[in-house]
């Protein structure tokens, strides 16, 4: 099968590519390949965990989106890429040949080597199924203490959301991480607000605890300390999909695809990458806000490539707004070393998230 444009993955950038190129009447030129028909919007995951949203509220139906814009949708898992032959190999065995390839497949969970126990938030596309496992344990009375490992924005939001979800069932939540404070990458004011809100919510914070193992109901730190917990939710850093190392694409030291300022591969000019799987010249955190902003530029550059025109540069924000949900009708806004907390922030976040989702209904 041959397609001028193959979009590998249904991430935040690619849904915008489908929409924009579809509006230009180019849908018939595009094939989207994704392992799941439903693509989650990461910004609304904490609300789903807390019970504010239902599954359909924060998932984009990729098949319906593609049908709307005349794009071919294939539900399959990519097992390999051969950029010399311009071919993608899905698990089904059908080889897809392309003129232009764009990769937006996200990242994989990066947890301590050898650990198979616990529940990882990533990939988010299948987290709803893993969350059901926690519900079963709580309903059976086998979940009294739950650890969330990872002190970044994702870990903090998940901790608050799980506290909201299981608070009525007497499940205690503890936030664990190697740093001295939560969200060490954010402003001092945001950290102060979060530390106060963690105490108010009754979420214990075990700082400077570098979790390296979990077995027999014990979370074990690198320095040998042990913590008794019934289950662990991993929200730690993101890793690159391993099959990329077999593709011949130029990667960074962590296995992510190196791209230039136009989001084009440094080694293969007919390949683009966006979102968590890409390694930018001016690095940014692995966060959905950047994939969303890359979408319009990626769509424009794929179109320009088809027309053999010069490409547009993607300029990532130097300072970006972070909205941190507390899962109780309030949220924290943090930007420019200034942070505020309130219900109005949560309403603002809700409007932003809903507006994003309406675009792809």
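In the working numbering, the protein residues as written are 151 to 511. Beta carbons: idealized from backbone N, C-alpha and C, even for Gly.
Cβ atoms of residue j and residue i: under 9 Å apart, would you say?
i: residue 426; j: residue 161; result: yes
i: residue 332; j: residue 352; result: no
i: residue 456; j: residue 249; result: yes
i: residue 322; j: residue 295; result: yes
i: residue 411; j: residue 454; result: no
i: residue 495; j: residue 473; result: yes
i: residue 123; j: residue 165; result: Residue 123 is absent from the structure shown; the chain starts at 151 and stops at 511.
i: residue 478; j: residue 236; result: no
i: residue 252; j: residue 423; result: yes
i: residue 433; j: residue 258; result: no
i: residue 406; j: residue 428; result: yes
Contact criterion: CB-CB distance below 9 Å. Does residue i meet it with respect to chain C?
i: residue 179; result: Included in the structure is just one protein chain, with no chain C present.
Which one of the options has the shortest CA to CA distance from residue i?
i: residue 480; options: 307, 405, 505; result: 307
i: residue 274; options: 192, 430, 482; result: 192
i: residue 499; options: 469, 165, 197, 167; result: 197
i: residue 468; options: 209, 435, 397; result: 435
i: residue 255; options: 441, 245, 460; result: 441
i: residue 507; options: 328, 157, 199, 203; result: 203
i: residue 396; options: 366, 233, 182; result: 233
i: residue 378; options: 361, 387, 391; result: 361
i: residue 153; options: 335, 222, 376; result: 222
i: residue 337; options: 181, 501, 487; result: 487
i: residue 243; options: 190, 225, 257, 210; result: 225
i: residue 319; options: 503, 345, 286; result: 286
Starting from residue i, trace the beta strand (DSSP E) both ways and give me its first and last residue.
i: residue 181; result: 180-184
i: residue 222; result: 222-225
i: residue 411; result: Element bounds for residue 411: n/a, residue is neither H nor E.
i: residue 487; result: Per DSSP, residue 487 belongs to no beta strand (DSSP E) and is neither H nor E.
Within the continuous alpha helix (DSSP H) that includes residue i, where are the two ends?
i: residue 502; result: 493-508
i: residue 512; result: This structure leaves residue 512 out entirely; the chain is present only between 151 and 511.
In angstroms, rounded to a whole number, what distance separates the CA positions of residue i and residue j?
i: residue 231; j: residue 385; result: 28 Å
i: residue 299; j: residue 394; result: 27 Å
i: residue 370; j: residue 326; result: 11 Å
i: residue 163; j: residue 510; result: 12 Å
i: residue 291; j: residue 342; result: 34 Å
i: residue 218; j: residue 168; result: 10 Å
i: residue 194; j: residue 399; result: 32 Å
Original post:
Which full runs of the alpha helix (DSSP H) of 4+ residues lie inside the segment 424-465, going along the chain?
Top reply: As summarised for the segment 424-465, the continuous alpha helix (DSSP H) elements at least 4 residues long and confined to that stretch are 438-456, given in chain order.
Original post:
Along the chain, which unbroken stretches of the alpha helix (DSSP H) at least 4 residues long are found entirely within the segment 188-265?
Top reply: Uninterrupted alpha helix (DSSP H) stretches at least 4 residues long and entirely within the segment 188-265 occur at 195-200, 212-218, given in chain order.
Original post:
Can you give, in chain order, each stretch of the beta strand (DSSP E) that sits fully within the segment 300-383 and has at least 3 residues?
Top reply: Taken in chain order, the unbroken stretches of beta strand (DSSP E) that lie wholly in the segment 300-383 and span 3 residues or more are 322-326, 354-356, 361-365, 368-371, 376-378.
Original post:
In the segment 265-299, which residue ranges form an unbroken alpha helix (DSSP H) of at least 4 residues, counting only runs that do not cross its ends?
Top reply: Whole alpha helix (DSSP H) segments, 4+ residues: 277-289.
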